[in-house]
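Protein chains: 2
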Amino acid sequence: MDKIKGTFGRRVGKKKDNVSPAVIRRLPRYHRFLGELLKQDKLRISSSELSCLMGVTASQIRQDLNCFGEFGQQGYGYNIRYLHKKIGELLGVNREYNAVILGAGNLGKALISSHMFERRGVNRLAMFDINPEIIGKTVAGIPVYSMDDLPRFCAEHQVDIGVLTTPKDAAVAVAKTLAELGVPGIWNFSSNELSLEGTGTIVENVHMGDSLMLLTYRLKAEKDEADK
Amino acid sequence: MDKIKGTFGRRVGKKKDNVSPAVIRRLPRYHRFLGELLKQDKLRISSSELSCLMGVTASQIRQDLNCFGEFGQQGYGYNIRYLHKKIGELLGVNREYNAVILGAGNLGKALISSHMFERRGVNRLAMFDINPEIIGKTVAGIPVYSMDDLPRFCAEHQVDIGVLTTPKDAAVAVAKTLAELGVPGIWNFSSNELSLEGTGTIVENVHMGDSLMLLTYRLKAEKDEADK
Chain A
1 MDKIKGTFGR RVGKKKDNVS PAVIRRLPRY HRFLGELLKQ DKLRISSSEL SCLMGVTASQ
61 IRQDLNCFGE FGQQGYGYNI RYLHKKIGEL LGVNREYNAV ILGAGNLGKA LISSHMFERR
121 GVNRLAMFDI NPEIIGKTVA GIPVYSMDDL PRFCAEHQVD IGVLTTPKDA AVAVAKTLAE
181 LGVPGIWNFS SNELSLEGTG TIVENVHMGD SLMLLTYRLK AEKDEADK
Chain B
1001 MDKIKGTFGR RVGKKKDNVS PAVIRRLPRY HRFLGELLKQ DKLRISSSEL SCLMGVTASQ
1061 IRQDLNCFGE FGQQGYGYNI RYLHKKIGEL LGVNREYNAV ILGAGNLGKA LISSHMFERR
1121 GVNRLAMFDI NPEIIGKTVA GIPVYSMDDL PRFCAEHQVD IGVLTTPKDA AVAVAKTLAE
1181 LGVPGIWNFS SNELSLEGTG TIVENVHMGD SLMLLTYRLK AEKDEADK
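Here it is, written out as structure tokens:
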């Protein structure tokens, strides 16, 4: 069988992994909503109920969720626990990844203090910074080391994800170091859009400002509408 | 002419605003890249150069940018300054919006200290918190007031955007208060996905954890591929 690698490293021609990048990008939201339903002890949900809850059409939901298998039974709806688990497995949740945070400023502190990592099966191992005032301390129970100790730390620990929250000027150099140290994934919050093609390191760029622009766009569109 | 309101409050049937929500979501990224090119004193760029830079197909770029007018001239490429300006106008950049930040914790501090707001023509007016230790102080030159002062502040100032960084438990109540006070836009970082339908307040939800899941998905896909 020919193996063709798609945008997300998926393999075409194999049922389970044959999910389009567009659907993949929507799956974390399903995972969140299904997780909330589980907390409320719900067992089953129909595509039309899920549609109301999520503000997506029922047909879109059926299309998205049928992509990677048949979870819905006509008239019975989806088994929430099973679907939540399957989506989580597909997304690599609970694979026990290890993360380090580069930069112990406000953003680094905010991220490490959130429940985001644990919930997705990602262990927070350590933070790294260049500021002597914070090196040696802990944030949310996680030790802060000197950036100089990063190579040794990566040699001694399995580090899967580097969370990049350094200032923009330092980000490229730190990202290159992470790639050289063989860290396979970078979650990049610096405003530089990084690409480390050819290094084997994957970068997921986060641009919070883009979402602020979508908000100002929507405010502008509403106002223009009201002014007419 | 019939006015039909689309998902983003756009008006169908009017050339300039007739941009699909999918294209709108991609525009902030174009705006960023074009802004970087301007800083490098570039004047023109072809769709194929932009394609290499952004990792998008040239045909996608032509489609996206033709949606709201003809900016490219065959053989000459795009006028970067003009395109940057037009995309900015469409997205409502530099409309002089006023924002307040609800919650002066690490995330609130990280956001208010970034250049994100200024760059998009959004003024940072004030922060609000319930912690007496921070009330009365300033963060990045912006005053922190008591949450109790929010109604009076909103009565005395034009507040367009409330940036919600409070803990999850407080978020719904604060969002409702903002809507009651007539604040038209909420940029929501609390992990609650808010919808304030019927209040006239628009919510842009940010879920940073979703992007962490996309990273773990890609790590998993790469590893599965390598293991085979």
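Chains as they are written, first to last, in the numbering used here: chain A, 1 to 228; chain B, 1001 to 1228. Don't be surprised by glycine CBs; every beta carbon is placed ideally from N, CA and C. Please read all numbers here as calculations on a predicted model, not as lab measurements.
Applying a beta-carbon distance threshold of less than 7 angstroms, which residues of chain B neighbour residue i?
{"i": "A:His84", "result": "Residues of chain B passing the Cβ test: none, with the nearest at roughly 13 angstroms."}
{"i": "A:Leu107", "result": "Ala1110"}
{"i": "A:Ser113", "result": "Asn1106"}
Closer than 6 angstroms by C-beta to residue i: which residues in its own chain qualify, once you throw out the five before and the five after it? Chain order, please.
{"i": "B:Gln1158", "result": "Asn1098"}
{"i": "B:Gly1136", "result": "none"}
{"i": "A:Met54", "result": "Phe33"}
{"i": "A:Lys228", "result": "none"}
{"i": "A:Ser191", "result": "Lys168"}
{"i": "B:Asn1123", "result": "Asn1098"}
{"i": "B:Thr1199", "result": "Ala1179"}
{"i": "B:Ala1170", "result": "none"}
{"i": "A:Gly141", "result": "none"}
{"i": "B:Leu1150", "result": "Phe1128"}
{"i": "B:Asp1002", "result": "Confidence at B:Asp1002 is low in this model, with a pLDDT of 36, below 50, so its placement is unreliable and the value that follows should be read with caution. None."}
{"i": "A:Ser146", "result": "Ile135"}
{"i": "B:Lys1005", "result": "Only weak support is given to the placement of B:Lys1005: the predicted model assigns it a pLDDT of 36, under 50, and the question is left unresolved by the model."}
{"i": "B:Lys1014", "result": "No answer about B:Lys1014 holds up, because its pLDDT of 38 lies below 50 and its placement is not dependable."}
{"i": "A:Leu212", "result": "none"}
Leaving aside the five residues before and after residue i along the sequence, list all residues of the same chain whose C-beta is less than 8 angstroms from its C-beta, in chain order.
{"i": "B:His1134", "result": "One detail in the question is off: residue 1134 of chain B reads as Ile in this sequence, not His. Excluding positions up to five away in sequence, the list reads Ala1104 and Val1144."}
{"i": "B:Ser1020", "result": "Cys1067"}
{"i": "A:Asp210", "result": "none"}
{"i": "B:Gly1108", "result": "Ile1101, Leu1102, Met1127, Asp1129, Val1139, Val1163 and Thr1165"}
{"i": "A:Lys223", "result": "none"}
{"i": "B:Glu1225", "result": "none"}
{"i": "B:Glu1193", "result": "Asn1205 and His1207"}
Would you mind telling me which residues of chain A sit closer than 9 angstroms to residue i, beta carbon to beta carbon, in chain order?
{"i": "B:Leu1091", "result": "Met213, Leu214, Thr216, Tyr217 and Lys220"}
{"i": "B:Gly1077", "result": "None at all; the shortest Cβ gap to chain A is about 21 angstroms."}
{"i": "B:Gly1185", "result": "Leu215, Thr216, Arg218, Leu219 and Glu222"}
{"i": "B:Arg1095", "result": "Thr216, Leu219, Lys220 and Lys223"}
If you measure from the beta carbon of residue i to each beta carbon in chain C, is any gap under 7 angstroms?
{"i": "B:Glu1133", "result": "Among the protein chains of the structure shown, namely A and B, there is no chain C."}
Identify the contact partners of residue i in chain A, using a Cβ-Cβ distance below 8 angstroms as the criterion.
{"i": "B:Ser1020", "result": "Within 8 angstroms Cβ-Cβ: nothing; B:Ser1020 doesn't reach chain A, min ~13 angstroms."}
{"i": "B:Pro1143", "result": "Correct list: empty, because the minimum Cβ distance to chain A is about 17 angstroms."}
{"i": "B:Met1127", "result": "By Cβ distance, chain A contributes nothing, its closest Cβ being about 13 angstroms from B:Met1127, past 8 angstroms."}
{"i": "B:Asp1210", "result": "Pro28, Arg29 and Arg32"}
{"i": "B:His1207", "result": "Pro28, Arg29 and Arg32"}
{"i": "B:Asp1160", "result": "Leu219"}
{"i": "B:Ile1264", "result": "This structure gives no information on residue 1264 of chain B, because the portion of chain B shown stretches from 1001 to 1228."}
{"i": "B:Arg1120", "result": "Gly209, Leu212, Met213 and Thr216"}
{"i": "B:Met1147", "result": "What B:Met1147 touches in chain A: nothing, since even the nearest Cβ is about 19 angstroms away."}
Since I believe residue j is in contact with residue i (beta carbons under 8 angstroms), could you give me their beta-carbon distance rounded to a whole number of angstroms?
{"i": "A:Leu50", "j": "A:Ile87", "result": "Not a contact, Cβ separation roughly 12 angstroms."}
{"i": "B:Arg1044", "j": "B:Asn1079", "result": "6 angstroms"}
{"i": "A:Ser195", "j": "A:Val206", "result": "So it is not a contact: roughly 14 angstroms between Cβ atoms."}
{"i": "B:Leu1181", "j": "B:Cys1154", "result": "4 angstroms"}
{"i": "B:Ser1046", "j": "A:Asn106", "result": "The Cβ separation is near 40 angstroms, so there is no contact."}
{"i": "A:Leu91", "j": "B:Thr1216", "result": "6 angstroms"}
Got a sec? Which residues, its chain only, sit under 7 angstroms from residue i by beta carbon, not counting five neighbours each side?
{"i": "B:Met1116", "result": "none"}
{"i": "A:Tyr76", "result": "Arg44"}
{"i": "B:Gly1121", "result": "Val1093, Asn1094, Arg1095, Glu1096 and Tyr1097"}
{"i": "A:Val174", "result": "Leu102, Leu164 and Thr166"}
{"i": "A:Ile61", "result": "Ser47, Leu50 and Ser51"}
{"i": "A:Thr57", "result": "Ser51"}
From the options, pick the residue whose C-alpha is nearest to that of residue i; which is it?
{"i": "B:Gln1063", "options": "B:Glu1193, B:Leu1027 and B:Asn1192", "result": "B:Leu1027"}
{"i": "B:Thr1165", "options": "B:Ala1175, B:Phe1189, B:Met1147 and B:Leu1150", "result": "B:Phe1189"}
{"i": "B:Lys1220", "options": "A:Met54, A:Gln40 and A:Glu96", "result": "A:Glu96"}
{"i": "B:His1031", "options": "A:Ser114, A:Leu214, A:Lys109 and A:Leu196", "result": "A:Leu214"}
{"i": "B:Arg1081", "options": "B:Leu1037, B:Ser1048, B:Ile1142 and B:Ala1226", "result": "B:Leu1037"}
{"i": "B:His1084", "options": "B:Gly1141, B:Asn1106 and B:Arg1029", "result": "B:Arg1029"}
{"i": "B:Met1208", "options": "A:Glu197, A:Trp187 and A:Leu90", "result": "A:Trp187"}
{"i": "B:Glu1156", "options": "B:Gln1040, B:Val1183 and B:Val1174", "result": "B:Val1183"}
{"i": "B:Arg1152", "options": "B:Val1172, B:Cys1052, B:Thr1177 and B:Ala1173", "result": "B:Thr1177"}
{"i": "B:Arg1218", "options": "A:Thr57, A:Asp41 and A:Asp160", "result": "A:Asp160"}
So residue i contacts chain B; which residues on that side make the cut at Cβ distance below 8 angstroms?
{"i": "A:Val56", "result": "Result: empty, since nearest Cβ-Cβ is about 11 angstroms, beyond 8 angstroms."}
{"i": "A:Ser195", "result": "Gly1055"}
{"i": "A:Ile101", "result": "The premise fails here: A:Ile101 is roughly 12 angstroms from chain B at the closest Cβ pair, so nothing lies under 8 angstroms."}
{"i": "A:Ile202", "result": "Leu1215, Arg1218, Leu1219 and Glu1222"}
For residue i, is the beta carbon positioned less than 6 angstroms from some heavy atom of the ligand NAP?
{"i": "B:His1031", "result": "For the structure depicted, the ligand NAP is absent and the ligand set is empty, with no information on it obtainable."}
With a threshold of 8 angstroms, are at least 3 pairs of Cβ atoms found where one atom belongs to the stretch 118–135 of chain A and the other to the stretch 93–108 of chain A? Touching, yes, given that three or more Cβ pairs across the two stretches are closer than 8 angstroms.
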